[in-house]
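What follows is a single structure, written as structure tokens, with notes after it.
Number of protein chains: 2
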Amino acid sequence: MVYRKVFSVRADAQRNRDRIVEVARALFRAKGFEAVSMDEVAKAAEVGPGTLYRHFPTKESLYDAVLEAWAEKVNTAVDRALTLDAPARDRLLKWLTAYASMLTEHKGAAARITAALGDPGSPFAAKCQTYLGANQRIIEALDSALRPGVDAMQISRLVGGVAAVVDNSELPADAAASMLAVVADGLIAS
Amino acid sequence: MVYRKVFSVRADAQRNRDRIVEVARALFRAKGFEAVSMDEVAKAAEVGPGTLYRHFPTKESLYDAVLEAWAEKVNTAVDRALTLDAPARDRLLKWLTAYASMLTEHKGAAARITAALGDPGSPFAAKCQTYLGANQRIIEALDSALRPGVDAMQISRLVGGVAAVVDNSELPADAAASMLAVVADGLIAS
DNA sequence: TGCAAAACGGAGAGCGTCTCCGTATAGTTC
DNA sequence: GAACTATACGGAGACGCTCTCCGTTTTGCA
Chain U
9 MVYRKVFSVR ADAQRNRDRI VEVARALFRA KGFEAVSMDE VAKAAEVGPG TLYRHFPTKE
69 SLYDAVLEAW AEKVNTAVDR ALTLDAPARD RLLKWLTAYA SMLTEHKGAA ARITAALGDP
129 GSPFAAKCQT YLGANQRIIE ALDSALRPGV DAMQISRLVG GVAAVVDNSE LPADAAASML
189 AVVADGLIAS
Chain L
9 MVYRKVFSVR ADAQRNRDRI VEVARALFRA KGFEAVSMDE VAKAAEVGPG TLYRHFPTKE
69 SLYDAVLEAW AEKVNTAVDR ALTLDAPARD RLLKWLTAYA SMLTEHKGAA ARITAALGDP
129 GSPFAAKCQT YLGANQRIIE ALDSALRPGV DAMQISRLVG GVAAVVDNSE LPADAAASML
189 AVVADGLIAS
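Top line first, the protein sequences correspond to chains U and L. Using our numbering, read the first sequence as starting at 9 and increasing by one per residue. Using our numbering, read the second sequence as starting at 9 and increasing by one per residue.
Given below as structure tokens:
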């Protein structure tokens, strides 16, 4: 008769969506955001461009989906750094290192996420909140050991900047480490 | 009979080149690198796309020409910072501030130049050498006051990272200043 | 099995960088 | 000034990109 029920999600749609994200993750990780075209993702996932764009209206939104689960790692990284039995400076540095390494895990992510930090309209807004919250926890935990006046946004931007440089220039881990050491020492009250 | 002499530069070519650079500088400064198209520059300079591309084979090379004179300011900025009669930390901070402000003078320049720091094949290679040399002068002048092991590349990248974030997020001067203060303190020996 | 909601996919719009090549012009030689 | 050629001009268009429109196919409840 009349069509009453509204479908939840059609099986083929779910399958395609999953395959797209999976394929896109591999491509983005290997070649970076800009070097991967949407046509390329569509072909690799064996769907038409129209299908790809129905699931993800913009390339940015696809990237966001690729980075989805990955933001969850942040809070566990904070925990690990805070439970460390060491001076404040070392706990801070451990967190900064973990944070930077998560940002550089995907080529192009560091600059994008850091640029989105103050923009609530960005597709990455939710991830930014997670990051800011994590840095806030660090500030509250280390508290008096830190330079007065630092806030979560400042730390996020400083580390984001370092991560973006490391990412762009494809620097080795020790170059990143020495820059983060400078930042960590600068953040500790003198 | 036979044509012997080789022309130096034809007058119309020189005129067009100058007008292109002038127009492009205004456009890049106002809208940033990515937001300006080559067609737009060609139209504003009243030349055809072919002419534009003969003078500047890539968009990057046009950007390089726009930034030409500007790199000369660097050395005078170093001088000014070094002749300051103040503690090492203040002289360093003054230089970092000047450096960052030069990098953010043109939208999009900070990330580009910083990314080119280690790449001799980049169109910006000459400018990078100037920058690295300037930071080297700072290191030699402040010497023992600095954290052991810092080099010019490291400082260039740290400030470049901060400048890129400031540029991307269009942050006010005081946000930049507080980040640079962290970097400066981290660079001073504790 | 019938049927409508939902998803599919390809052609193509619109914009970007950059190229090719026929035409126009500057500047030298007589 | 006229002839002549190295040089510069500029527009049409190749190619690749993101993203859209819409006719066709598939899915799954009745």
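Ideal Cβ positions, reconstructed from N, Cα and C, are used throughout, including at glycine.
Taking just the CA atoms, how far does residue j sit from residue i?
i      : j      : result
U:L154 : U:L100 : 9 Å
U:D151 : L:A117 : 36 Å
U:K81  : U:S109 : 11 Å
U:A73  : U:D20  : 18 Å
U:R18  : U:R25  : 11 Å
L:L92  : L:Y61  : 45 Å
L:L75  : L:Q144 : 22 Å
U:L179 : U:A172 : 10 Å
U:A134 : U:P128 : 8 Å
L:R27  : L:H114 : 19 Å
L:R23  : L:R37  : 21 Å
U:A79  : U:T138 : 7 Å
U:A94  : U:D87  : 14 Å
L:A142 : L:G157 : 17 Å
L:L35  : U:R97  : 45 Å
U:A119 : U:Y71  : 13 Å
L:S177 : U:E54  : 37 Å
U:A50  : L:F41  : 29 Å
U:L195 : L:L140 : 25 Å
U:K102 : U:T59  : 43 Å
U:A160 : U:A149 : 12 Å
U:A77  : U:F132 : 13 Å
L:I146 : U:K67  : 43 Å
L:S16  : L:C136 : 30 Å
L:K39  : U:K39  : 28 Å
Is there at least one Cβ from chain L nearer than 8 Å to residue i's Cβ?
i      : result
U:S177 : yes
U:R27  : no
U:R12  : A caution first: U:R12 carries a pLDDT of 47, below 50, which makes its placement in the model too unreliable to give a value.
U:A108 : no
U:D193 : yes
U:R165 : yes
U:G116 : no
U:D169 : It is Gly, not Asp, that sits at residue 169 of chain U in the sequence shown. Yes - at least one Cβ of chain L is within 8 Å of the one on U:G169.
U:L125 : yes
U:T138 : no
U:T122 : yes
U:V190 : yes
U:S69  : no
Indicate whether at least one CB of chain U lies closer than 8 Å to the CB of residue i.
i      : result
L:V44  : no
L:Q162 : yes
L:A181 : no
L:A96  : no
L:D72  : no
L:S198 : yes
L:L150 : no
L:T105 : no
L:S130 : no
L:A172 : yes
L:T59  : no
L:S16  : no
Report the partner residues of residue i according to the DSSP bridge assignment.
i      : result
L:I28  : Looking at the DSSP assignment, L:I28 forms no beta bridge with any residue, so it has no partner.
U:L154 : U:I196
So, is residue i buried or exposed, given that buried needs 16 or more other C-beta atoms within 10 angstroms?
i      : result
U:T84  : exposed
U:L188 : buried
U:P65  : exposed
L:T112 : buried
U:D175 : buried
U:R33  : buried
L:S47  : Rather than Ser, the amino acid found at residue 47 of chain L in this sequence is Asp. Counting Cβ neighbours within 10 Å, L:D47 comes out exposed, since fewer than 16 surround it.
L:D193 : buried
U:A181 : exposed
U:K13  : Here the model assigns U:K13 a pLDDT of 48, short of 50, so the residue's position is not dependable and the matter cannot be decided.
U:A197 : exposed
U:A184 : buried
L:M9   : Unreliable placement is indicated for L:M9, whose pLDDT of 42 sits below 50; the coordinate value is still reported in the next sentence. That one is exposed.
Would you grab the beta carbon distance between residue i and residue j for me? Rounded to a whole angstrom, and I think it's under 8 Å.
i      : j      : result
L:S69  : L:L125 : With a Cβ gap of about 18 Å, L:S69 and L:L125 do not count as contacting.
U:T122 : U:G169 : 7 Å
L:L90  : L:V191 : Incorrect: roughly 18 Å between the Cβ atoms, too far for contact.
U:V44  : U:Y107 : Actually they do not touch by this definition, with Cβ atoms about 25 Å apart.
U:A52  : U:V29  : 12 Å between Cβ atoms; not a contact.
L:S186 : U:Q162 : 6 Å
Please find out if some non-hydrogen atom of the ligand FMN comes closer than 7 Å to the beta-carbon of residue i.
i     : result
L:D98 : Of the ligands one can find in the structure shown there are none, so the ligand FMN has no counterpart to examine.
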